[in-house]
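Student: Going down the list, the sequences are from chains Y and F.
Using numbering that gives the first Met the number 0, the first residue of the first sequence is number 0, and each one after it goes up by one.
Using numbering that gives the first Met the number 0, the first residue of the second sequence is number 0, and each one after it goes up by one.
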Amino acid sequence: MNNILVVDDEVGICCVIQHLLARQGYVVTAMTDGRAALEAVARDEYAAALIDLNLAEIDGKQVIRAARAAWPNMPIVMMSGLVLESGCGAPDFPDMSARIPGLYGLAKPFKPTDLIQLVQDILSFPAGDALAWPAAPRLENPAAAPARR
Amino acid sequence: MPTILIIDDDHATRAALEMLLKQKKFGVFLAPDGSTGIRLIGSVCFDAVVIDMFMPGMDGLATVRQLIKIDPTVPFIAISGYAFTDRRQGAPDFLGMAIKLGATAALQKPFDILDLLEAINRALEVRQRLLTEIKDRAGGLASVRKAS
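1. How would you list, in chain order, the residues of chain Y whose beta-carbon sits under 8 Å from the beta-carbon of F:Thr2?
2. Count the other C-beta atoms from every protein chain shown that fall within 10 angstroms of the C-beta of Y:Glu9, then say buried if there are 16 or more, exposed otherwise.
3. Spell out whether any CB of chain Y is found under 8 Å from the CB atom of F:Arg64.
4. Which chain Y residues are close to F:Val49, counting only those with a beta carbon under 7 Å from its beta carbon?
5. Classify F:Gly181: buried if its beta carbon has 16 or more other beta carbons within 10 angstroms, exposed otherwise.
6. Where Y:Asn1 and F:Ala146 are concerned, what is the direct C-alpha to C-alpha distance, given to the nearest angstrom?
7. Any Cβ of chain Y within less than 8 Å of the Cβ of F:Arg144?
8. Output, in sequence order along the chain, the residues in the region 34-45 of chain F whose CB is closer than 8 Å to any CB in chain Y.
9. In chain order, which continuous runs of the alpha helix (DSSP H) of length 4 or greater are located wholly inside the region 3-36 of chain Y?
10. For F:Thr12, name the three-state secondary structure that DSSP assigns.
11. Excluding sequence positions up to five away, which residues of its chain have a Cβ less than 7 Å from the Cβ of F:Asp111?
12. Nearest to F:Leu191 by CA position, among F:Pro1, F:Asp7, F:Ser142 and F:Leu16, is which residue?
13. Give the straight-line distance between the Cα atoms of F:Gly139 and Y:Arg34, rounded to the nearest whole angstrom.
14. Sort F:Asp92, F:Ser42, F:Ile119 and F:Ile37 by Cα distance to F:Val63 and report the nearest one.
15. Starting from Y:Gly80, find everything on chain F with Cβ-Cβ shorter than 8 Å and list it in chain order.
16. Anything in the region 6-37 of chain F with a Cβ closer than 8 Å to a Cβ of chain Y? List those residues in chain order, please.
17. How is the alpha helix (DSSP H) around F:Ser34 delimited, first residue to last?
18. Please classify Y:Gly101: does DSSP put it in a helix, a strand, or coil?
19. To the nearest angstrom, how far is it from the Cα of Y:Val27 to the Cα of Y:Val118?
20. Y:Pro108 versus chain F: which residues are under 8 Å apart at the beta carbon?
21. Within 10 angstroms of the Cβ of F:Asp70, are there 16 or more other Cβ atoms? Answer buried if so, exposed if not.
22. Alpha carbon to alpha carbon, what distance is there between Y:Gly24 and F:Leu129?
23. For a contact meaning CB atoms closer than 7 Å, what does Y:Gly33 contact in chain F?
24. Given that a residue counts as buried once 16 or more other Cβ atoms are within 10 Å of its Cβ, and exposed if not, what is F:Val143?
25. Using CA coordinates, which residue listed in F:Asp92, F:Ile40, F:Ala102 and F:Val49 is at the minimum distance from F:Arg13?
26. Measuring only between beta-carbons, confirm whether Y:Val15 sits less than 8 Å from chain F.
27. Within the continuous alpha helix (DSSP H) that includes F:Asp58, where are the two ends?
28. For a contact defined as C-beta to C-beta under 8 Å, what are the partners of Y:Gly59 on chain F?
29. Got a sec, what are the start and stop residues for the beta strand (DSSP E) Y:Ser123 sits in?
30. Apart from the five residues just before and just after F:Ile40, which ones in its own chain have a Cβ nearer than 6 Å to its Cβ?
31. Could one say the Cβ of Y:Gly11 lies closer than 8 Å to chain F's Cβ atoms, at least one of them?
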């Protein structure tokens, strides 16, 4: 199974992620509508899901919870970026992913190579017991460092 | 494969640059306006950005200012289809302004694709140099902290 769900309310970002992963041979279902994503994760099984935390209409965490409830062993990557206007930072990914097995963080802006590496890494883990998964890989992004607040 | 973002409201320019740069094995992504481009830059680290200076809504200079706020290490190349360089007429030199803001190159449309490729390669070198500097400084700071 190499189908990946991507949920981000920004069409352009969905397209970029879809393009990057499709080039690696993954089949990508991209969604910009959080409510449609809620239905999709309850209905369809994916090898992994990449879900933006800041969706337009509903909270991305709601989609993550629904995905986790429907498919306890599906790896989920939560994505989040900085909201420049508000100055809010990204959530504490290492802390959240340490508490919830199979949950990984990807801070925006991410390098295309980091996205591909992360997806390859999480899909290389044997499916089954989510608790047996190793801790989330740490991604370094020196290019994004100056923007951190 | 270096990834390049092209921000230009002109569909024909976007399509032509996409085709030409893909032939040269670049990963190419497109944005039809400044705000879309900025949202993409906020999500993906591109190796270089090509920005049209004249666009409706958020213009090229405003886009450049936002880009610098998000990631000052991303090199950008300014392109423009209008030549307002004659200051006697009171028209501003937007490409010159882009250079002052840090553009690694400024090209007047129509430009030779070889000039754009040269500008992109130079931009990628600048990017690489900046990332190495950041890494070195971070390494230096870490050793100072360790020593103290």
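No residue lacks a Cβ here, since even glycine has one placed at the ideal position from N, Cα and C.
Tutor: Looking at the atomic coordinates:
1. Correct list: Pro111.
2. Classification for Y:Glu9: buried.
3. No - not a single Cβ of chain Y is within 8 Å of the one on F:Arg64.
4. Under the 7 Å cutoff, chain Y gives no residues; its nearest Cβ is about 16 Å from F:Val49.
5. Only positions 0 to 147 of chain F appear in the structure, and residue 181 of chain F is not among them; the question remains open.
6. Those two C-alpha atoms are separated by around 47 Å.
7. So no, F:Arg144 is outside the interface.
8. Within the region 34-45 of chain F, the qualifying residues are Thr35, Arg38, Leu39, Ile40, Gly41, Ser42, Val43 and Cys44.
9. With a minimum length of 4 residues, the unbroken runs of alpha helix (DSSP H) contained wholly in the region 3-36 of chain Y fall at 10-21.
10. F:Thr12: helix per DSSP, three-state reduction.
11. Excluding residues within five positions, none has a Cβ falling inside 7 Å.
12. Because chain F here runs from 0 to 147, residue 191 of chain F falls outside it and cannot be looked at.
13. Roughly 48 Å between the two C-alpha positions.
14. The residue with the shortest Cα to Cα distance from F:Val63 is F:Ile37.
15. Among the residues of chain F, those whose CB is under 8 Å from the CB of Y:Gly80 are Gly41 and Ser42, following chain order.
16. Going along the region 6-37 of chain F in chain order, one finds Gly26, Phe28, Ala30 and Thr35 with a Cβ nearer than 8 Å to chain Y.
17. Here the alpha helix (DSSP H) through F:Ser34 covers Gly33 to Ile40.
18. Correct three-state label for Y:Gly101: coil.
19. Going by the C-alpha atoms only, they are around 12 Å apart.
20. Here the neighbours are Ile40, Gly41, Ser42, Val43, Cys44, Ile69 and Asp70.
21. Looking at its Cβ environment, which holds 16 or more other Cβ atoms inside 10 Å, F:Asp70 is buried.
22. When rounded, the distance between both Cα atoms is 32 Å.
23. Correct list: empty, because the minimum Cβ distance to chain F is about 17 Å.
24. With fewer than 16 Cβ atoms within 10 Å of its Cβ, F:Val143 is classed as exposed.
25. Of the candidates F:Asp92, F:Ile40, F:Ala102 and F:Val49, the one whose C-alpha sits nearest the C-alpha of F:Arg13 is F:Val49.
26. By this cut-off, Y:Val15 is an interface position.
27. Note, F:Asp58: premise wrong, no alpha helix (DSSP H); not H, not E.
28. Contacts between Y:Gly59 and chain F, judged by CB atoms closer than 8 Å, are missing: the closest CB pair is about 14 Å apart.
29. That residue, Y:Ser123, is in no beta strand (DSSP E); its alpha helix (DSSP H) goes Pro111 to Ser123.
30. Excluding residues within five positions, the ones whose Cβ falls inside 6 Å are Leu66 and Ile69.
31. Yes, contact with chain F.
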